[in-house]
Amino acid sequence: MKLSSSDVEVPPSSVSVYDAIFRRRNVKEFTGEPVSRGTLERLFSAAIWAPNHRLTEPTRFFAVPHDGSMRQRLAEAAWQSAYDEAANPSPEQKRRSADGKRDRVLNAPAMVYVYSLNGDDDEITRENYATACCAVQNMALAAVAEGLCVDWSTGGLTRIPSLAGILGADDAWTMVGVLFLGKAAALPTAERTPHSEVVTWLE
């Protein structure tokens, strides 16, 4: 059964769309305060309303509970993957790098892997990936309204061997990233090139 936009109960929030856009930050350090399942459900609800050409609904989410056995399993796989991939030949440096990846997995208050389904051709596959990225942005903006920040990573933790099998995803799906969510330990400032330098007005 499909969910109609007229049936959606919009969570109350004093945060405007512009507030969320300008205050959103990619944060790697969190306070450790738990993120409830109810909060994550609201973020997922926002995510699925991302723009979606052809209504393929291609985004798939894998939420990893903080204290579940899956988090521990991923942490161990992340450690081994980071150790094997470390460029520095020193065993001590390799262990240090691997420990960092493991701790990142274990310490994040909330963790979500995001995939995009492939389409029947390259064009639809690209459109699906674009939709999944928009879904992540929806989550990041909704997170601001919840007093949270999101770290959207596409690095080593998305390249763990057999990751799809561990999560129960299809090997053919496209990885969009892993999201770490929580209350920011500190909110960094950010910079952008002014829009006037990247916009061309065509008369």
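When the sequence shown is numbered by the numbering used here, its final residue is 270 and no position is left out of the sequence of numbers.
Quick reminder that beta carbons are idealized off the backbone N, C-alpha and C, glycines included.
Quick caveat, the model's predicted, so the values are computed rather than measured.
Beta bridge counterpart(s) of leucine 177 as assigned by DSSP: At residue 177 the sequence reads alanine, which differs from the leucine that was named. For alanine 177, which the question treats as bridged, DSSP gives the partners Leu248.
Euclidean distance between Cα positions of tryptophan 116 and valine 77: 12 angstroms
Rounded separation between glutamine 83 and glycine 214 - CA only: Reading the sequence as shown, one finds serine at residue 83 and not glutamine. Distance between the alpha carbons of serine 83 and glycine 214 is about 13 angstroms.
With 16 other Cβ atoms within 10 Å as the buried cut-off, status of proline 125: Buried, by the Cβ-count rule.
For proline 226, the first and last residue of its enclosing alpha helix (DSSP H): Inspection of the sequence shows that residue 226 is occupied by arginine rather than by proline. Where arginine 226 is concerned, there is no enclosing alpha helix (DSSP H), given that its DSSP letter is neither H nor E.
For asparagine 205, three-class secondary structure by DSSP: helix
Threonine 106 vs lysine 250 beta-carbon contact at 7 angstroms: no
Spatial distance of glutamine 204 from arginine 163 (CA atoms): 32 angstroms
Classification of phenylalanine 247 by the beta-carbon crowding that lies within 10 angstroms, buried from 16 upward: In the assembly as shown, phenylalanine 247 is a buried residue. Its beta-carbon has 16 or more other beta-carbons within 10 Å.
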